[in-house]
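Q:
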Amino acid sequence: MSSHDTTGAERTSLPAYDQIDVSVLVVGAGAAGARTAIELAEHGVEDLLVLGKRNHGDAHTTWARGGINGALGTHDPEDSWAIHAADTLNEGHFLNDPGKVETVTEQMPERLRELDEWGMDFSRTDGGEIDQRFFGAQSFRRTAFAGDHTGESMLNALVDRAQELSVPYRENVMVTKLLSDGEQLYGAVGFDMDTGQFLLFNAGTVVLAAGGYAASYNRHTSRDDENNGDGPALAYYAGAELMDMEFVQFHPTGMAVDESDPEWEPWSGRLVTEAVRGEGGRLYNTAGERFMERYSPDQMELDARDVVARAIAKEIKEGRGTENGGVYLDLSHKDAAFIQERLPRMYERFQELGVDMAAEPVEVAPTAHYGMGGVAVDEHGETSVDGLFAIGETMAGVHGANRLGGNSLAETVAFGVVAGERIAERTDGPGSLPDSVVGGVAEPHLRDLSELAGCNGDHDVMDVFTAIQDVLWDHAGILRDEASMRAGLDALDDLRHKATDMSVGPVTSRSFEFAVDVGFMLTAAEAVLRGGLERTESRGAHYRTDNPETDPDWRQNIYFELADLGGMSTHTEPVGTSSQAVQDALDEGHELDYHQLE
Ligand SMILES: Cc1cc2nc3c(=O)[nH]c(=O)nc-3n(C[C@H](O)[C@H](O)[C@H](O)COP(=O)(O)OP(=O)(O)OC[C@H]3O[C@@H](n4cnc5c(N)ncnc54)[C@H](O)[C@@H]3O)c2cc1C
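Going by our numbering, the first residue of the sequence shown is number 225, and it counts up by one from there.
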């Protein structure tokens, strides 16, 4: 690492920064970043650095609850990777990239066994095998789990493995810009959130594993300070394309609470894991009807997330919802010991709030959960910018128009391996950061950052931040139409203007971090709205009340890129075809029969 004191006369506003040279910079320390780093280290790449915005081992991944998919066939030996792929394509309404789906589903049995070997605390059958539970819209029990703290257990195992391999980590560093000339990647700029020191990374390869954009909605399941679109926006401004951004999954069961009660208010929108329905949870409206009988008599509560979310939204809209704007999710037909064993964290959370899940239902309503879109990548996880990879929740392609629960954790480790192998084959040192990129990209950005810190503008950062979240929830929510999305884009223009005049604290303050995030969120939100407007059909999680049918001609992905004049341009491309094995599985027509659960 070298230091640059750049307070020369003609460059007075350029702040000092430290330069760090590495071959591979992994931006993100969740499951995707950790698994990539392990693969690199196992291939002998030592000159790498993993960094995250939070402490070591503390990433959004730890919030994942219900499970991770892989066709192990513990209970259902007839399951296979091809049927897993077929279920994924069905749930994705055939907008997924079939090659990427197969990459994930083919690998997963091996990835699960490997996690087991590395110490992941899987729940087990009486015979000691990795247990598997039902999850929505899956033909067989294929969701492996660690109680209802699957993500935490998984990340612990990955971090332990990375430490065994001496993978270097750096905590509390936020990356604010990637350095590229639009074709080649050279590194990144960021800052140390504890000390405020600006950092310039000279790296020949950057892996973006920085999560997604679902927290850009005001009612969401994510941590408030994660999933604000950092990954997609960083890639977009480096010259990579985004894809499928209009597809945002609304999880059917977020907590519906009395928001005027300070004890309950922080829990609004938080996830009630799908595993509650997977373990037999039933949905009722205030008229006492088990309303999924009307919407999906075969798959009932375990139909696809978009189907269940729209059903709940309809019940609430038509006046059969609770005072807190939800419906009831009831598991009280199971005894307390069963719930405590299978869903310990959920049981505990509600018990602390004074609700006994074994005796009474909980209130739930849809909440923004996951962005299926993200950065467009090839089969190795590489973007169109040479040396820039994007994986995990940051990448697009695996989930199509709607994500199968349990598939995102699967995607993190499967693509971590694929990208890691690819990078290891060709990495050859940090590379050289051209002066033109330092002078033309890094230094102007460092000046901008320095000016942002301590800015004394008219608008509060958090007001702008939450206003963007409101725009997405109000204008690109579960039900969308053209007029509303156009109004949403106008509202974003106004917020973009306000974002240039915010009141921001020093570099180490939370307001500085959130001010940077405002920029990322504006990009993600614009892509969601533009994609939603352009896609004149309904498919999966994207439901347009003015175009309620699925249009077969729209079996195309929408791509978003930064145009020469700085605006966002879009184009479409048709989706690829599946292998024969997966086509056969599709033709066989596997489907979950919910009633076998009862
Ligand atoms: C409540 C909840 C429950 C879920 N349950 C499940 C489940 O049961 N099964 C399932 O398959 N999926 C589940 N998911 C989804 C799943 O958790 C995520 O998709 C997955 O963990 C994403 O992992 P990741 O490694 O891609 O990103 P993350 O775990 O989000 O990690 C992102 C990393 O990037 C870092 N980072 C972000 N921005 C920057 C920046 N600008 N600079 C530096 N670092 C940055 C972060 O600090 C973090 O280290 C759930 C999600 C939620 C919200």
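Where a beta carbon is used, it is the ideal one built from N, C-alpha and C, also for glycine.
Owing to the predicted nature of the structure, the values given are computational and were not obtained by experimental measurement.
For Arg710, which residues in the same chain have their Cβ closer than 6 Å to its Cβ, ignoring the five residues on either side in sequence?
A: Nothing meets the Cβ criterion.
Q: Return yes when the Cβ of Val431 is within less than 8 Å of the Cβ of Ala643, no when it is not.
A: The answer is yes: Cβ separation under 8 Å.
Q: Examine the Cβ distances between the stretch 323-342 and the stretch 279-294 and report whether three or more of them are shorter than 8 Å.
A: Short answer: they touch.
Q: Using a Cβ-Cβ cut-off of 6 Å (strictly less than) and excluding sequence neighbours within five positions of Arg646, which residues of its own chain qualify?
A: The answer, listed in chain order, is His604.
Q: Can you tell which of Phe639, Thr286, Asp355 has its C-alpha closest to the C-alpha of Asn380?
A: Closest option to Asn380, Cα to Cα, is Thr286.
Q: Alpha carbon to alpha carbon, how far is His814 from Gly624?
A: If I take the Cα positions, the gap works out to 19 Å.
Q: What's the call for Arg341, buried or exposed, on a 16-neighbour Cβ count within 10 Å?
A: A quick correction: the sequence has Glu, not Arg, at residue 341. Answer is exposed; the Cβ neighbour count stays below 16.
Q: Would you mind giving the Cβ-Cβ distance between Leu272 and Pro392, rounded to the nearest angstrom? I have them listed as a contact below 8 Å.
A: Going by Cβ atoms, the distance from Leu272 to Pro392 rounds to 7 Å, so yes, they are a contact pair.
Q: Does the beta-carbon of Gly743, which I'm using as the reference point, lie nearer than 7 Å to any heavy atom of ligand 1?
A: Gly743 Cβ: outside cutoff for every heavy atom of ligand 1.
Q: Check whether the Cβ atoms of Pro654 and Gly428 sit closer than 8 Å, and answer yes or no.
A: Cβ distance < 8 Å, so Pro654 and Gly428 count as in contact.
Q: Give, in chain order, every unbroken run of the beta strand (DSSP E) that is at least 3 residues long and sits entirely within the stretch 323-406.
A: The qualifying runs are 397-404.
Q: Pick from His373, Ala368, Pro668: whose alpha carbon is nearest that of Gln564?
A: When only C-alpha atoms are compared, the closest one is His373.
Q: In its own chain, which residues sit with a C-beta less than 7 Å from the C-beta of Gly232, not counting the 5 before and 5 after it?
A: Confidence in Gly232 is poor, its pLDDT being 44 and thus under 50, which makes the residue's placement too unreliable to answer from.
Q: What does His766 pair with, by DSSP beta-bridge criteria?
A: Partner(s): Arg763.
Q: If we ignore side chains and look at the alpha-carbon of each, how far apart do Ser226 and Ser484 end up?
A: Per-residue confidence for Ser226 stands at a pLDDT of 48, beneath the threshold of 50, marking its modelled position as unreliable; the derived number appears in the next sentence. Cα to Cα, Ser226 sits roughly 52 Å from Ser484.
Q: Would DSSP call Gln243 helix, strand or coil?
A: Gln243 falls in the strand class under three-state DSSP.
Q: Throw me the rounded Cβ distance for the Val661 and Asp482 pair, which I believe falls under 8 Å.
A: With 8 Å as the limit, Val661 and Asp482 do not qualify as a contact, their Cβ atoms being about 53 Å apart.
Q: Thinking C-alpha only, which one of Glu649, Phe784, Val531, Pro730 is nearest Ala765?
A: Here the closest residue by C-alpha is Val531.
Q: Can you tell me whether Asn509 is buried or exposed, with buried defined as 16 or more other CB within 10 angstroms of its CB?
A: By the neighbour-count rule (16 or more Cβ atoms within 10 Å), Asn509 is buried.
Q: Please check the pair Ser446 and His669, which I expect to be a contact at CB under 8 Å, by giving their CB distance rounded to whole angstroms.
A: Not quite, the Cβ-Cβ distance comes to about 26 Å (not below 8 Å), so this is no contact.
Q: Please state whether the Cβ-Cβ distance between Glu737 and Leu716 is less than 8 Å.
A: Not closer than 8 Å, so no.
Q: Determine, using beta carbons only, whether Val622 comes closer than 8 Å to chain D.
A: As a matter of chain content, chain D is missing from the structure shown, which is built from one protein chain.
Q: When you compare the CB positions of Phe358 and Arg365, do they come within less than 8 Å of one another, or not?
A: Contact: yes.
Q: Reducing DSSP to helix, strand and coil, say where Gln408 ends up.
A: Three-state result, Gln408: strand.
Q: Helix, strand or coil, according to DSSP, for Ala634 in the structure here?
A: Ala634 falls in the helix class under three-state DSSP.
Q: Could you tell me the boundaries of the beta strand (DSSP E) in which Ser793 lies?
A: Ser793 -> beta strand (DSSP E) spans 792-798.
Q: Note down, in chain order, each residue of its chain lying with its Cβ closer than 6 Å to the Cβ of Gly616, except the 5 sequence neighbours on either side.
A: Around Gly616: Ala256, Ala433, Thr636.
Q: Looking only at its own chain, which residues have a Cβ that is under 7 Å from the Cβ of Glu353, when we skip the five neighbours before and after it?
A: Taken in chain order, the residues that qualify are Thr298.
Q: Within its chain, find whatever has a CB closer than 7 Å to the CB of Leu553; leave out the 5 residues flanking it on each side and keep chain order.
A: Result list for Leu553: Thr477, Val496, Val500, Gly505, Leu507, Pro585, Val586, Val588, in chain order.
Q: Kindly indicate which three-state DSSP category Leu577 falls into: helix, strand or coil?
A: Leu577: coil per DSSP, three-state reduction.
Q: Given a cut-off of 8 Å on the beta-carbon distance, is the pair Tyr437 and Asn451 in contact?
A: Yes, they are a contact pair.
Q: Report the rounded CA-to-CA distance for Phe562 versus Asp300, giving the unit in angstroms.
A: For Phe562 and Asp300, the distance between alpha carbons rounds to 22 Å.
Q: To the nearest angstrom, how far is it from the Cα of His267 to the Cα of Pro658?
A: Cα to Cα, the separation comes out at about 28 Å.
Q: If you scan the stretch 464-537 from start to end, which runs of the alpha helix (DSSP H) of 4 or more residues do you find wholly inside it?
A: Counting whole runs of 4 or more residues, the stretch 464-537 contains the alpha helix (DSSP H) stretches 499-502, 516-519.
Q: Could you have a look at Glu587 and say whether DSSP puts it in helix, strand or coil?
A: Looking at Glu587 - three-state DSSP - the assignment turns out to be strand.
Q: Would you call Ser793 buried or exposed, if buried means 16 or more other Cβ atoms sit within 10 Å of its Cβ?
A: With fewer than 16 Cβ atoms within 10 Å of its Cβ, Ser793 is classed as exposed.
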